[in-house]
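Counting in the numbering used here, the sequence shown tops out at residue 694, every number present. By construction, the Cβ of each residue, glycine as well, lies at the ideal position given by its N, Cα and C atoms. Since we're looking at a predicted model, the values are computed, not measured. Heads up, the thing below is written out as structure tokens.
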Amino acid sequence: MQRLLFPPFRALKGRQCLQLLAPRAAPRAQCDCIRRPLRPGQYSTISEVALQSGRGTVSLPSKAAERVVGRWLLVCSGTVAGAVILGGVTRLTESGLSMVDWHLIKEMKPPTSQEEWEAEFQRYQQFPEFKILNHDMTLTEFKFIWYMEYSHRMWGRLVGLAYILPAAYFWRKGWLSRGMKGRVLALCGLVCFQGLLGWYMVKSGLEEKSDSHDIPRVSQYRLAAHLGSALVLYCASLWTSLSLLLPPHKLPETRPLLQLRRFAHGTAGLVFLTALSGAFVAGLDAGLVYNSFPKMGESWIPEDLFTFSPILRNVFENPTMVQFDHRILGITSVTAITVLYFLSRRIPLPRRTKMAAVTLLALAYTQVGLGISTLLMYVPTPLAATHQSGSLALLTGALWLMSELRRVPK
Numbered sequence: 285m286q287r288l289l290f291p292p293f294r295a296l297k298g299r300q301c302l303q304l305l306a307p308r309a310a311p312r313a314q315c316d317c318i319r320r321p322l323r324p325g326q327y328s329t330i331s332e333v334a335l336q337s338g339r340g341t342v343s344l345p346s347k348a349a350e351r352v353v354g355r356w357l358l359v360c361s362g363t364v365a366g367a368v369i370l371g372g373v374t375r376l377t378e379s380g381l382s383m384v385d386w387h388l389i390k391e392m393k394p395p396t397s398q399e400e401w402e403a404e405f406q407r408y409q410q411f412p413e414f415k416i417l418n419h420d421m422t423l424t425e426f427k428f429i430w431y432m433e434y435s436h437r438m439w440g441r442l443v444g445l446a447y448i449l450p451a452a453y454f455w456r457k458g459w460l461s462r463g464m465k466g467r468v469l470a471l472c473g474l475v476c477f478q479g480l481l482g483w484y485m486v487k488s489g490l491e492e493k494s495d496s497h498d499i500p501r502v503s504q505y506r507l508a509a510h511l512g513s514a515l516v517l518y519c520a521s522l523w524t525s526l527s528l529l530l531p532p533h534k535l536p537e538t539r540p541l542l543q544l545r546r547f548a549h550g551t552a553g554l555v556f557l558t559a560l561s562g563a564f565v566a567g568l569d570a571g572l573v574y575n576s577f578p579k580m581g582e583s584w585i586p587e588d589l590f591t592f593s594p595i596l597r598n599v600f601e602n603p604t605m606v607q608f609d610h611r612i613l614g615i616t617s618v619t620a621i622t623v624l625y626f627l628s629r630r631i632p633l634p635r636r637t638k639m640a641a642v643t644l645l646a647l648a649y650t651q652v653g654l655g656i657s658t659l660l661m662y663v664p665t666p667l668a669a670t671h672q673s674g675s676l677a678l679l680t681g682a683l684w685l686m687s688e689l690r691r692v693p694k
């Protein structure tokens, strides 16, 4: 790899074109571009030049290319958010165990004839969910839960294509810098891992339990891992997109700003942890244990918090403790966001940064209201799905504020 100096150019409207300038004696390539002459002392740099098989293949991660990549990753993060929301609805409608096998290509074609549907229904009848919970289910009811799970799986494949195909195109065009190539590879690998983890989670709900009367459900640990990896993918894609699309502010590195930046990072981590704890609430149906607020039943601290032994098991397997933890994390998160907002008011910040802080505060109190309403109304599916979507919106607001406060690279 080497660095070359080139004069700047202005691309014609409708098409962007980059030209590698050769010596005067060499033939000039045909290109729909207009070159401006250099002023004295003015230079334009190209960050990467790769020579392949005797031909000059130029990799140009220019500002325009960065904007394209940033918009692509923003769209990708939107598809991941859609997958998380659709997965939550699939879980709330108890549809996740309706498809009892997994094939990357074969399952993309749904049953079409009556015979195919009956065969699919018979396969479902061999597993614990039908035997224990849905033994009186009709074929029409089965079609509904099957299509819910099918939609979630097909959306997951769409997410994979949204990452992998444009990534290959941008790589070939040379629009990715060396550091960005590593990020994109990691994101694509995480997408593939996420798909395998989803099937690993579903398998836990199809297995026979030691107690024949146990309610068939997926492992809350695997559900949390599946949701957690999706949130990591979402955050990484969104953060990279914001870094490319939103120029950093040149703020004076004062002590109050440094404290605000650190507090914003800690608050974002707390929001992430609260969202992740929601997976244990969903996996154990812990939202139906105590449907009162602010007390849990008749007391502030219920007596059955430490039913299991050893004590650590209660944090992940006791529905009462899981709901209690989620309440505490939610209250702590909204308190931290409130403090963060007032800290931001004490520092002169750009208008866009102030808007991010206000938006985060509004999202936090909206999310708390949704959570309490979901609890008091015994977890209705539309409200619970909105509450889950609110966690993504809150995480987005936290990442936006972090992006606004990020340090300007020297």
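Among the options, which residue has its Cα nearest to the Cα of residue i?
i                 : options                           : result
leucine 529       : Gly444, Gly354 and Ala552         : Gly354
tyrosine 662      : Arg691, Asp569 and Ala682         : Asp569
isoleucine 389    : Lys347, Gly440, Leu423 and Thr680 : Gly440
glycine 458       : Leu667, Lys347 and Arg691         : Lys347
leucine 507       : Tyr447, Leu560 and Gly681         : Leu560
glutamate 688     : Gly482, Leu449, Ala640 and Ala349 : Ala640
threonine 616     : Ser583, Leu676 and Ala552         : Ala552
phenylalanine 547 : Asp588, Thr622 and Gln410         : Thr622
valine 384        : Ala367, Val475, Leu679 and Glu491 : Glu491
valine 475        : Ser525, Ala367, Glu400 and Pro412 : Ala367
methionine 464    : Ser527, Gly562, Ile595 and Thr424 : Ser527
phenylalanine 477 : Ser503, His510 and Val364         : His510
tryptophan 278    : Lys638, Thr637, Ser382 and Ile612 : Residue 278 is absent from the structure shown; the chain starts at 285 and stops at 694.
tryptophan 356    : Thr377, Leu445, Pro664 and Gly473 : Leu445
methionine 686    : Pro664, Arg636 and Arg407         : Arg636
valine 486        : Arg351, Gly614 and Pro412         : Pro412
leucine 480       : Ser513, Ala563 and Arg351         : Ser513
isoleucine 499    : Ser361, Asp588 and Gly567         : Gly567
glycine 362       : Arg545, Thr558, Trp523 and Arg690 : Trp523
Excluding sequence positions up to five away, which residues of its chain have a Cβ less than 6 angstroms from the Cβ of residue i?
i                 : result
arginine 501      : Gly489
serine 379        : Ile429, Met432 and Glu433
methionine 580    : Tyr574 and Pro586
histidine 671     : Leu654, Gly655 and Thr658
glycine 681       : Thr643, Leu644 and Leu647
phenylalanine 405 : Leu423 and Phe426
threonine 665     : Leu376
threonine 591     : Asn602
Evaluate residue i with the Cβ neighbour count: other Cβ atoms within 10 Å of its Cβ, from every protein chain shown; 16 or more gives buried, anything less gives exposed.
i                 : result
histidine 387     : exposed
glutamine 607     : buried
threonine 619     : exposed
phenylalanine 556 : buried
alanine 403       : exposed
glycine 674       : buried
arginine 375      : buried
tyrosine 649      : exposed
glutamine 453     : With the sequence shown as reference, residue 453 is identified as tyrosine, and glutamine is not the correct amino acid for it. So tyrosine 453 counts as exposed.
serine 521        : buried
leucine 678       : buried
leucine 596       : exposed
alanine 306       : Any answer about alanine 306 is weak, because its pLDDT of 41 lies below 50 and its placement is not dependable; what the coordinates show is given next. Exposed, because fewer than 16 other Cβ atoms sit within 10 Å of the Cβ of alanine 306.
arginine 320      : Here arginine 320 scores only 47 on pLDDT, less than 50, and its place in the model is too uncertain to base an answer on.
glutamine 398     : exposed
proline 578       : exposed
leucine 515       : buried
glutamine 504     : buried
valine 443        : buried
glycine 614       : buried
valine 359        : exposed
threonine 396     : exposed
threonine 538     : exposed
tryptophan 684    : buried
Pull up the DSSP beta-bridge partners for residue i, would you.
i             : result
threonine 583 : Per the sequence shown, residue 583 should be read as serine rather than threonine. The partner list for serine 583 (beta bridge, DSSP) reads Met580.
If you drop the 5 nearest sequence neighbours on each side, which residues of the same chain put their C-beta closer than 7 angstroms to that of residue i?
i            : result
leucine 535  : Leu541
proline 634  : His533
valine 565   : Gly571, Val606, Gln607 and His610
tyrosine 408 : Ser382, Val384, Phe414 and Phe426
valine 652   : Gly614 and Val618
valine 599   : Met605 and Asp609
Ordered along the chain, which non-local residues of its own chain (more than five positions away) have a Cβ less than 8 angstroms from that of residue i?
i           : result
glycine 550 : Ala620
proline 324 : Reliability fails at proline 324, whose pLDDT of 41 lies under 50, so the model's placement of it is uncertain and no value is given.
leucine 667 : Leu654, Ser657, Thr658 and Met661
Does the beta carbon of residue i come closer than 9 angstroms to any beta carbon on chain E?
i           : result
proline 594 : The structure shown contains no chain E; it holds only a single protein chain.
The region 360-373 touching the region 433-440, judged by at least three CB pairs closer than 8 angstroms:
yes
Report yes or no: do the region 623-634 and the region 565-576 share at least 3 C-beta pairs separated by less than 8 angstroms?
no
Between the region 461-473 and the region 412-424, can you find at least three pairs of beta-carbon atoms closer than 8 angstroms?
no
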